[in-house]
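Below is one structure, written out as structure tokens; the observations come after it.
Residue numbers (this note's numbering), protein chains in the order written: chain Z, 758 to 993; chain R, 21 to 624.
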């Protein structure tokens, strides 16, 4: 059904039941996302897409648009909430962009730029997060995991359908884990897929480090905003 | 080991949704979840190691490391700490020769753990030994219990010396007191003719039953207060089949214990509420999700279910109505507060981590096993039974316009008569305090840590009702001598421990708030820190995925509002450009050590 909604006062015609972050992007309004993947079931874990919908704050990736919905994306208060959540992630993990293999291709780093973050308002934790090298082709750099659950939900062993990645423990003790046997059975394409699926530099292929020159990396060529808004020449 | 695991798998029909039960059995058979057991479970259930580990490591009653023969869980709730917790804790360490939280590769007779509120705030300090409850502890009593365990007696034999069968209410009474202080119009009435009641329900159409509940104005007693009749109608209207009903007996909010008393004194009222719901929405299978802390109720409740089956009030052709089949099973939890959230509870019933789902879809459309499901609290279901007996109008005449009926209050803390009270919604806080003999009440924690901390002086006239001071049942009273900041810290620690961690604001933000409150207690905070807490708390509340993060900053936010002086007293002035909490010595102290560690790492 054709409906009308407003985003930051702009009237938009769209179809009922579509995902808010998509509708916004098509109409030139960028809402930052980290865990969200187009055409995949909604994870709703990162909350970076927080927007105000009919007066209440919701994660934009979980919202299906409805008739006369009033959405607020870029007010100072809501924008600051999104920025705070990004800052929380930088305070929680150990994110050293200059030495990270994923720098320039990391969605967290890109979102950090988009929300205008310079430093986290929250105290940095600097916790020890031991890496996991046990699998043959993949290693986990736990310092960088943001617990988005993309790998947990989407990476399955082709033969058995079993989970390859999982989160152990709960709350602030949560930890990304890998099933070594299943990981070693991953074909090379699936390894690459897992590395690309990870929005940060937590899942990495062994024996590959910095394989793209600075200046030519994904988000340096086209920014995350350009890619999300599908600006001419950029693609997500 | 192989045979033991195989028989556990068989016990639950190799059903992946029963993973919690299997892990409970493995854990109790071996004292932990041994690494060797995992491949057998993997093979039996078609799961990966990663999959089993994510569930196994989520719940705090599962152990990854070996434990002693007897596992002792001492409740470290705020109320326990007001009633001699520290002396009891010290006595436990002294008598057992074991330290709390200590892991021993070759454990002996005992392992000691602290655990959050175990639903016995009216008789703290309390502990569970291998799931058997011991209450009103004192160092002498602890010494006696440990001595008996050393002589080879089981916790059951000690708590229940006359050997009452554990499926009898007398067994439960031997372990814990029900402490029901008042009997009101709705609960603990006794003597209900369930057969007649059922026949009366069956003589009307299912829609009519849902309509009666809707007309009564009954709202969910778990906390959110959703209209029950509406929830039922939505579930009934969902086109998908089969449908499920779940009784939420995961009473985890610190300071609540009414569901324990209802399940002890009135289990049939609760189960009949489920039967009535099953008739109203058209469902054949129900689950009671019972928190692990109430394991000592499980055999008694199972016996009550069997008795209802024998009487034809549960099972096949219920009440003589051909084709009205409905059965109930008990699902025990394994230790996780967040499972009280209905979608997390459903995940847990499916044998998974207790993480709240993304909503929509809501459980009435997509619940247990993806099917339409209603999740109702124990007290809600007991109310249903009474409403069907007495009528919607009768129920609606009780309470206030927006909060029909009565509410069970669980009163604990600084008062003369802790226990359970039935009150009509709309009662003033002052009246409650007078009724429970709380002469020196200063602060009252209403609804536990997730609720509000209010001032007895300023808020005494407020009414307990959804329209004013909403209350999930917990009323915890503190007098002027109690250190409210310490209590706030305990409550924040609770949320940090119990956050499932799936969303960022709750997982990360609460840790930052806990650090802030410690900074206040340490006398190193300035006004800027208080402003941060208010701003950060607001962000966490608004952006979190479920009600846990939606309320976790409230211990700080509500005390800042009602008792600003306890914070102000602790503040220091900022002198110069540095925050008072910044300690330059501490900031650089780790440098030498880090350098040494790095050098050692490089060498290795």
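Every residue, glycine too, gets a C-beta built ideally from N, C-alpha and C.
- The three-state reading of DSSP puts residue 95 of chain R in strand, counting E and B together.
- If the five residues before and after residue 485 of chain R are omitted, its C-beta is found closer than 6 Å to the C-beta atoms of 420, 423, 445 and 446, all from its own chain and listed in chain order.
- Leaving aside the five residues that flank residue 561 of chain R on each side, the residues in its chain whose CB is nearer than 6 Å to its CB run, in chain order, 570 and 573.
- Taking all protein chains in view, the Cβ of residue 796 of chain Z is surrounded by fewer than 16 other Cβ atoms within 10 Å, so the residue is classified as exposed.
- Note that the C-beta distance between residue 803 of chain Z and residue 846 of chain Z is below 9 Å.
- Three or more Cβ pairs closer than 8 Å define a contact, and the region 47–64 of chain R falls short of that threshold against the region 391–403 of chain R.
- Per DSSP, the unbroken alpha helix (DSSP H) holding residue 322 of chain R starts and ends at 318–330.
- With a threshold of 16 other beta carbon atoms within 10 Å, residue 875 of chain Z falls short and is exposed.
- With at least 16 other beta carbons inside 10 angstroms of its own, residue 431 of chain R counts as buried.
- With a cut-off of 8 Å on Cβ pairs, the region 328–348 of chain R is not in contact with the region 971–985 of chain Z, counting fewer than three such pairs.
- Ranking R:556, R:607, R:548 and R:503 by CA distance to the CA of residue 594 of chain R puts R:548 first.
- Between residue 359 of chain R and chain Z, the shortest Cβ-Cβ separation is not below 9 Å.
- Annotation: residue 156 of chain R is outside any alpha helix (DSSP H) and is labelled neither H nor E by DSSP.
- Where residue 348 of chain R is concerned, the enclosing beta strand (DSSP E) starts and stops at 347–352.
- Counting only unbroken stretches of 4 or more residues, the alpha helix (DSSP H) elements lying wholly within the region 42–108 of chain R are 57–65, 69–76 and 98–101, in sequence order.
- Cβ-Cβ distances below 6 Å link residue 860 of chain Z to 854 in the same chain, with the five nearest sequence neighbours on each side left out; the list follows chain order.
- Within the region 868–902 of chain Z, those residues whose Cβ lies closer than 8 Å to any Cβ of chain R are, in chain order, 878, 879, 880 and 882.
- Using a Cβ distance threshold of 9 Å, residue 499 of chain R and residue 516 of chain R do not count as a contacting pair.
- Per the C-alpha coordinates, the member of R:615, R:622, R:489 and R:606 positioned closest to residue 243 of chain R is R:489.
- Rounded to whole angstroms, the separation of the alpha carbons of residue 292 of chain R and residue 953 of chain Z is 53 Å.
- The region 378–385 of chain R makes no contact with the region 525–544 of chain R, as fewer than three CB pairs between them are under 8 Å.
- With a threshold of 9 Å between beta carbons, residue 66 of chain R makes contact with chain Z.
- DSSP, read as helix, strand or coil, puts residue 334 of chain R in coil.
- Contact annotation: the region 143–160 of chain R touches the region 93–113 of chain R, with at least three C-beta pairs closer than 8 Å.
- Residue 294 of chain R carries a helical assignment under DSSP once its states are collapsed to helix, strand and coil.
- Taken through DSSP and simplified to helix, strand or coil, residue 592 of chain R comes out as coil.
- The alpha-carbon of residue 904 of chain Z is positioned some 10 Å away from that of residue 959 of chain Z.
- Inter-residue distance for residue 927 of chain Z and residue 843 of chain Z is about 20 Å (C-alpha atoms, whole angstroms).
- The continuous stretches of alpha helix (DSSP H) do not include residue 462 of chain R, which lies in the beta strand (DSSP E) extending over residues 461–466.
- Around the Cβ of residue 965 of chain Z, a 10 Å sphere holds fewer than 16 other Cβ atoms; the residue is exposed.
- At a cut-off of 9 Å, the C-beta of residue 576 of chain R has no neighbouring C-beta in chain Z.
- Between residue 152 of chain R and residue 316 of chain R, the C-beta gap is smaller than 9 Å, which places the two residues in contact.
- For the pair residue 196 of chain R and residue 154 of chain R, the Cα-to-Cα distance works out to about 7 Å.
- Under the three-state reduction of DSSP, residue 904 of chain Z is assigned to coil, being neither helix nor strand.
- Annotation: Cβ neighbours of residue 77 of chain R in chain Z (cutoff 7 Å, chain order): 925 and 926.
- One thing to note: residue 822 of chain Z has its Cβ within 9 Å of the Cβ of residue 772 of chain Z.
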